[in-house]
């Protein structure tokens, strides 16, 4: 494998490009996608770069096919990714669920634009946050990371691949148009094999192998096609052998494990950063591009003498329940700027559980908040 | 005096997940015989079984993946082909077979079918055509003949069906055949050819569905449908697929219609990369 083609150093690049480079550094060697603004640059970069690395890029006929193709590639043993935006993300939902059910490592990038429907294709929004959580049918848990810069488009794409391999799950990178299209300095480190995680692999002989061996813990070892394991996997509710099992008992056992492997590992998965929360009476909670403006507004409030803290969610799903609960008993209010009409604020409100107010600062999309809008909300909550 | 014989083993047992038998298919269904042809074709084609991956979608035929003792994937409705596309491109050494039904491959998954034929990806697609949605109880679909009865065409179907060999050949497939499950030997031979043929191979298998399609169309037993195949089938190897349209009770033209050579998706990809390397663009 021509490793010399992996970038290393300081670059000026946009977030979409940084995401593609992050995938390459993470070991991704398969990309299937369909053009869509504002995520197309991820596909374009992968189309250019993967052939340089012995990987495969394919433009599929739609996003349904793209999602399925990355699942197939993952079962062939290759780290795989797709990138899209709202309309394509909607089309991917059914097979995102298949990825969850088959326990298939892969990464799905959503560079969010304003909706509903075709909406504002070239403008920013954060309206798909709840779709990320609940978009596929049935009950499941998902992991979603939210970058706030081109640098994090790079960094979190690697984290996304590592989590997907560790837990055998599709991981969502919930970027937005602003972060995807802005260009900034991106530092690309030399990523070594020790920085990367590979899926657990079976150590038993094929005749002893069970594709969903629940005795092997929450994340069973994964065989790949062509190695002689002769395994079967299905989107139907299945038992440890991977065989369909149409009973409430099989459903109970399977769904609990699929959910628990994320819930019980939430501490390992959840990432956030904080500033000035110790003495804060109001905390601004935000994520993605909104967090960059929110951070500025929080600093302005500090400068005006208000005791204001800042918390940026890096992992949005699973939600940082424990931390918000802890903080809720210490503060008067949370101020939550997001580019939608109230999604993550509901999670904050749920965790605050009446101990602190949760104040939404909405933006319908098509632009970002003005710092003054957030600052005004902070002032009102401090008062 | 007749002697009672218990058969403990079948020659194809090593290809079957015997712990999953009995299967879910109805008496008189054609999917079992077609699966038998597929399994015998693997032996005939002498290919490494560990490198075969079977991908199915949803429906009665979608269950084939679950009964064959090979790497096998039971995916979502209509999406077996794009899943298989990822598998094949992820590991070009795999021999990827999509085994699914007409509703799955041609109606909900029709877009993927034509695009994979267009790309000429090296893959074998076996399409059981029983003219209706069997699993859900006998609704009309994209292959239901004009005038046929179904639970969603109770007065007769008023839509024209696809002519599958014509559709797939026009889209770029390099191997196209149609057989009925009555033609077991021809079907087995055809699948064996398709398995080793580079490029996109498509085999339509006309198959009885007595329980829901036959019952609604005056062919209530599997044997009735088989008899009708015997009476209506005509083998025309090399026939123009355009002339192989099916109707409710007209001729069933079967045979190998297309067997041509054209570089596969992978060949084309490698050629393009090679050229780029020579031009020092890669």
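Residue numbers (the working numbering), protein chains in the order written: chain G, 45 to 427; chain P, 287 to 568.
Ideal placement from N, C-alpha and C gives every residue a C-beta, glycine not left out.
{"Asked": "If you draw a straight line from the C-alpha of residue 103 of chain G to the C-alpha of residue 58 of chain G, how long is it?", "Found": "21 Å"}
{"Asked": "By DSSP, does residue 438 of chain P sit in helix, in strand, or in coil?", "Found": "coil"}
{"Asked": "Quick check: what's the CA-CA separation for residue 320 of chain G versus residue 352 of chain G?", "Found": "7 Å"}
{"Asked": "Against chain G, which members of the stretch 351-375 of chain P pass a CB distance test of less than 7 Å?", "Found": "351, 352, 355, 356, 357, 358, 359, 360, 361, 362, 365, 368, 369, 370, 371, 372, 373, 375"}
{"Asked": "Assuming residue 116 of chain G contacts residue 372 of chain P (C-beta within less than 8 Å), just tell me the rounded distance between them.", "Found": "3 Å"}
{"Asked": "Roughly how many angstroms separate the alpha carbons of residue 533 of chain P and residue 520 of chain P, rounded to a whole number?", "Found": "14 Å"}
{"Asked": "Could you work out which residues of chain P lie near residue 251 of chain G, taking near to mean beta carbons separated by less than 8 Å?", "Found": "Ordered by position in chain P, no residue passes the 8 Å Cβ test against residue 251 of chain G, which lies about 11 Å from the chain."}
{"Asked": "Can residue 400 of chain P be considered in contact with the ligand NAD, in the sense that its beta carbon sits closer than 6 Å to one or more heavy atoms?", "Found": "Looking at this structure, you won't find the ligand NAD or any other ligand, since it has none at all."}
{"Asked": "Measure the alpha-carbon distance for residue 412 of chain P versus residue 481 of chain P and round it to whole angstroms.", "Found": "10 Å"}
{"Asked": "For the stretch 236-255 of chain G against the stretch 290-303 of chain G, do three or more pairs of beta-carbon atoms, one drawn from each stretch, fall closer than 8 Å, so that the two count as touching?", "Found": "no"}
{"Asked": "Span of the beta strand (DSSP E) holding residue 401 of chain G?", "Found": "401-406"}
{"Asked": "Please classify residue 563 of chain P as buried or exposed, where buried requires at least 16 other C-beta atoms within 10 Å of its C-beta.", "Found": "exposed"}
{"Asked": "Mapping the DSSP letters down to three states, classify residue 493 of chain P as helix, strand or coil.", "Found": "coil"}
{"Asked": "Let me know the secondary structure DSSP gives residue 310 of chain P once reduced to three states.", "Found": "coil"}
{"Asked": "Thinking residue 221 of chain G and residue 303 of chain G are a contact (beta carbons under 8 Å), I'd like their distance in whole angstroms, please.", "Found": "Between residue 303 of chain G and residue 221 of chain G the Cβ distance is about 32 Å, and since that is not below 8 Å, they are no contact."}
{"Asked": "Using CA coordinates, which residue listed in G:95, G:120, G:118, G:166 is at the minimum distance from residue 129 of chain G?", "Found": "G:166"}
{"Asked": "For a cutoff of 7 Å on Cβ pairs, would you count residue 135 of chain G as touching chain P?", "Found": "no"}
{"Asked": "Between the stretch 321-347 of chain P and chain G, which residues of the former have a C-beta closer than 7 Å to a C-beta of the latter?", "Found": "336, 337, 339"}
{"Asked": "Could you work out which residue in G:61, G:133, G:309 is closest to residue 196 of chain G when comparing CA atoms only?", "Found": "G:61"}
{"Asked": "Going by other Cβ atoms of all chains shown within 10 Å of its Cβ, with 16 needed for buried, is residue 191 of chain G buried or exposed?", "Found": "buried"}
{"Asked": "Going by CA-CA distance only, name the one from P:344, P:359, P:495 that's closest to residue 351 of chain P.", "Found": "P:359"}
{"Asked": "For chain P, is any of its Cβ atoms less than 7 Å away from the one on residue 45 of chain G?", "Found": "A caution first: residue 45 of chain G carries a pLDDT of 45, below 50, which makes its placement in the model unreliable, though a value can still be read off. Output row for residue 45 of chain G: interface = no."}
{"Asked": "Going by CA-CA distance only, name the one from P:356, P:336, P:365, P:349 that's closest to residue 106 of chain G.", "Found": "P:365"}
{"Asked": "Using 7 Å as the threshold, is the C-beta distance between residue 400 of chain P and residue 457 of chain P below it?", "Found": "yes"}
{"Asked": "Whole angstroms is fine: what's the gap from residue 471 of chain P's alpha carbon to residue 377 of chain P's?", "Found": "31 Å"}
{"Asked": "Compute the Euclidean distance between the alpha carbons of residue 122 of chain G and residue 182 of chain G, then round it to the nearest angstrom.", "Found": "27 Å"}
{"Asked": "By Cβ distance, which residues of its chain are closer than 6 Å to residue 572 of chain P, with the 5 residues on each side in sequence left out?", "Found": "In the structure as shown, chain P starts at 287 and stops at 568, and residue 572 of chain P therefore has no counterpart that could be examined."}
{"Asked": "Is there a Cβ of chain P sitting closer than 7 Å to that of residue 181 of chain G, yes or no?", "Found": "no"}
{"Asked": "Taking the alpha-carbon of residue 337 of chain G as reference, which of G:80, G:272, G:354 has the nearest alpha-carbon?", "Found": "G:354"}
{"Asked": "For chain G, check one thing: does any of its Cβ atoms lie closer than 7 Å to the Cβ of residue 399 of chain P?", "Found": "no"}
{"Asked": "Quickly, what does DSSP pair residue 414 of chain P with across the bridge? List them, please.", "Found": "P:387, P:491"}
{"Asked": "Decide if residue 162 of chain G is buried, meaning its Cβ has at least 16 other Cβ atoms within 10 Å, or exposed.", "Found": "exposed"}
{"Asked": "Looking only at its own chain, which residues have a Cβ that is under 6 Å from the Cβ of residue 218 of chain G, when we skip the five neighbours before and after it?", "Found": "154, 176, 188, 190"}
{"Asked": "Out of G:322, G:259, G:127, which one is the CA nearest neighbour of residue 367 of chain G?", "Found": "G:322"}
{"Asked": "What residue range is occupied by the uninterrupted beta strand (DSSP E) comprising residue 323 of chain P?", "Found": "No beta strand (DSSP E) contains residue 323 of chain P, which is instead part of the alpha helix (DSSP H) from 317-331."}
{"Asked": "Would you please state the rounded distance, in angstroms, between the beta carbons of residue 139 of chain G and residue 362 of chain P? I believe it to be under 8 Å.", "Found": "6 Å"}
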